[in-house]
Each structure stands twice: as structure tokens, then as C-alpha cells.
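For the sequence shown, our numbering assigns the number 5 to the initial residue and increments by one for each residue that follows.
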Amino acid sequence: MSLQIGIVGLPNVGKSTLFNALTKQSVLAENYPFATIDPNVGVVAVPDARLDALAKIEKSEKIIPTAIEFVDIAGLVAGAHKGEGLGNKFLSHIRDVDAIAEVVRFFEDSNILHVDGSVDGKRDIETIKTEMILADLETVKKSLKKLESDSKSGDKKTLIKLELVKKLDGGLETGQMAQEVGFTEEQKLELKDLNLLTLKPFLYIANIEAGEGALLKEKGTFSDLDVVAIDVKLESEMAGFSDAEKKEYLEGEGIEASGLDRLIKKAYETLGLITFFTAGPKEARAWTVRQGAKAPEAAGKIHTDFERGFIKAEVINWQKLVEAGSWALARDQGAIRTEGKEYVFQDGDVVVFKFNV
């Protein structure tokens, strides 16, 4: 599964610095608006200690983690939906991603300009939200006009779609994001072809100075929104560390996981994804599938032939496999289950699929 997360925000909030830290690339990160124009793209391996443990007991020659593609999209400003600050171009880049991560600035630094002259996280969130809603409204108005014309034929599907888009239009007009309007998952699928910005999964990255994390909720900036607090400057500095140096530093500071690792984990939660594994002497590999996926769908992530010819899945939780010491030993202990087509995959499952060619 190829996953794309767009990193957005106002200019000079730390988007490109975060992207550099995530991808260990050297993307231009300058102290002026629109230092980023074309989107930068980087593939980031998802850290997973479970995969390392499985590779160790199976003596795997290769370890292949799953990955997320991050897209660094240029800074948006008020009026972006009308083209301010090249806004239309930037908004079009966001439409292609699976989820949106907005970087919100909380750090004070007189040497780094803020496009609105002061640091105010709540205001910045509202600015981005408003621009996305207005951009979606333009899309919805065009769709509404066409559907009203097409509905004269009396086609049942068109009439159903028309009512959905009318509801969507009403919600956006009152300042709601599409995801807040109250659609079922089935209705969201009906609206998918509109490629709406505000219907995408959304999470927030609070770019803080060390020690500010506990203050965010008290400030009431995020309410119940999904948020990860990260000292982006610190993460950028740690990007140059070796894995051993990074581990030593985090342990010395009493930090369980880096901000970037927490961001990647939160991204998976926001997208509604889980990880399952395959492991053997040749390779230990992580695979991504949506929560609620049944066994044939999970098999299809490895190869379409696996899904078409699915017979059964041999499954064990990763921890139980590690405790057993190997797949062969787990089988001898009777710890491996046989599951059929209706089995719903769980995060951390290790599997061998049986299928017809």
C-alpha cells in the first residue's frame, strides 16, 4: 500500500525542517515565505521493533519495513483558495495525498519571521481550515450544478448523489470540514471522486520548544484533535545521529520514543491502518493493511494471486512467535492457528498464506 501524507502549514512554521528530519534529505529550509514551491517527496521507513525481533529468531537475511511517503507542500496563506501566494497550485498538490498533517508553530524566535507577524497557533489552524473549506466549496458548487442538470433524467444514483452533495454544501457553508458534516463510511465513498481536502484524515503537529508539550492542552488550542507535539529543531539535529547515538541520547533524556517515531505511529492511527508480518530465513517483512481487513484482502497486499486463490492463513501473534523461538517451534507447540476467509487481521499478526495458483 503506497501511503502519502502531505505536510502543510503557514510559511516558516517548520514544515521543510520536519521533512528533512523525517527523510534525512537536505531540502531547502529558508527564513522567507515560499522557499518551497514544488512539493518535495520522501519515503520514510516505519520503525518497528517487532520486525527486528522476528528477523532475529528467524535469522532473516533481509529486513523490509513498511513505509510512508511524506510530501512537503509549500506554505499556505490567507486567500490561498483565490491564488494568494500561489495557493491554487499548492492546494492541488494536497488533493493527491491520503492524509494531511498540519504543522502549527508554537516556538518563539525573533530571527524567524511569521507570515502574520506573531505566533498564534489557534489563528493559524483556523486560517488553514478556512482556506481548505473555501477550496472545497468551489469544487462542490461545480459538482452541484452538474448534478442538478443530470438529475432531470430521474436517474436514481444521480438523485442520491445530489442529496449528499447538497448536504455537503450546506455543511461547508457553515464552516464545517467535510469530515465533520456527518456522513457514513459508505456515503464518504460516494463522495470520494470529488477529492475533497476536508474529507481527508487530518492530524496536527505542534512545533514546540522542549518542555512545552504539557502546555498545549491547557492552552485549549487543539481540543480533541489528533496532535503530536514535536521539537522539530531537536529532531532535525538528531537526524544526523547514528541509530546508536540517537538511542543513547533519548535514553539519557528519559524519552521513550522520538517525536518522529510518535508522528509515524499517529499517522497510522489516523489513517486507520495496521501492520502484519511475514518472516522466514530469506526475509522478515512488514505489510500495511486497513483496520478491519479480512484475510484475502491482507493476502492481496503481498500479491494479487494470493487474494484470488486464497485458501487459508496460518496465523500467530508476533509476541507468541518470539516467545516460541521460531515458526517451526511454534507449530510444534500448537500455537499457530488456521484461519479462513472471514478472519479479520489484527495488528501484529505473523502469517503464512496458502493459495491456489
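The C-beta atom is built at its ideal place from N, Cα and C for all residues, glycine as well. Please read these numbers as outputs of a predicted model, since none were measured by experiment.
Item to check | residue 120 versus residue 209 - alpha carbon distance | outcome: Answer to the nearest angstrom: the Cα atoms are 19 Å apart.
Next on the checklist: Measuring only the C-alpha atoms, how far is residue 70 from residue 100?
Outcome noted: 20 Å
Next on the checklist: Measuring straight from C-alpha to C-alpha, what distance separates residue 183 and residue 146?
Outcome noted: 19 Å
Item to check | Own chain, CB closer than 7 Å to residue 26, minus 5 neighbours either side, in chain order | outcome: 46, 48, 74 and 264
Item to check | Cβ separation of residue 148 and residue 155, assumed to be a contact under 8 Å, to the nearest whole Å | outcome: About 10 Å; that fails the 8 Å criterion.
Item to check | residue 288 vs residue 281 beta-carbon contact at 8 Å | outcome: yes
Checklist entry - By the 10 Å Cβ neighbour count, where 16 or more other Cβ atoms means buried, how is residue 107 classified, buried or exposed? => result buried
Next on the checklist: Taking 7 Å as the limit between beta carbons, can you name the residues of its chain near residue 316, skipping five residues before and five after?
Outcome noted: 342, 343, 344 and 358
Item to check | Three-state class that DSSP yields for residue 137 in the structure shown | outcome: helix
Item to check | Minimum C-alpha distance to residue 50 - residue among 64, 260, 7 and 76 | outcome: 7
Checklist entry - Excluding five sequence neighbours on each side, which residues of the same chain lie with their C-beta closer than 6 Å to the C-beta of residue 57? => result 326
Next on the checklist: Residues in the same chain with beta-carbon distance under 8 Å from residue 313, minus the five sequence neighbours each way, listed in chain order, please.
Outcome noted: The residues are 359, 360 and 361.
Item to check | residue 292 and residue 308 closer than 8 Å at C-beta | outcome: no
Next on the checklist: For residue 22, count the other beta carbons within 10 Å of its own beta carbon; 16 or more makes it buried, fewer makes it exposed. Which is it?
Outcome noted: buried
Checklist entry - So residue 213 and residue 111 are in contact, right, with Cβ under 8 Å, and what is the actual spacing, rounded? => result 5 Å
Item to check | Short Cβ contact (8 Å threshold) for residue 207 with residue 105 | outcome: yes
Checklist entry - residue 333: buried (16+ other C-beta within 10 angstroms of its C-beta) or exposed? => result exposed
Checklist entry - In chain order, what residues of the same chain lie with their CB nearer than 8 Å to the CB of residue 127, ignoring the 5 residues before and after it? => result 120
Next on the checklist: For a minimum of 4 consecutive residues, which ranges assigned as the alpha helix (DSSP H) are wholly contained in the segment 129-208?
Outcome noted: 160-177 and 189-194
Next on the checklist: Short of 6 Å in beta carbon distance, which residues of its chain neighbour residue 323, apart from the five on each side in sequence? Order them along the chain.
Outcome noted: none
Next on the checklist: Bridge partners for residue 211 per DSSP, in chain order?
Outcome noted: 109 and 234
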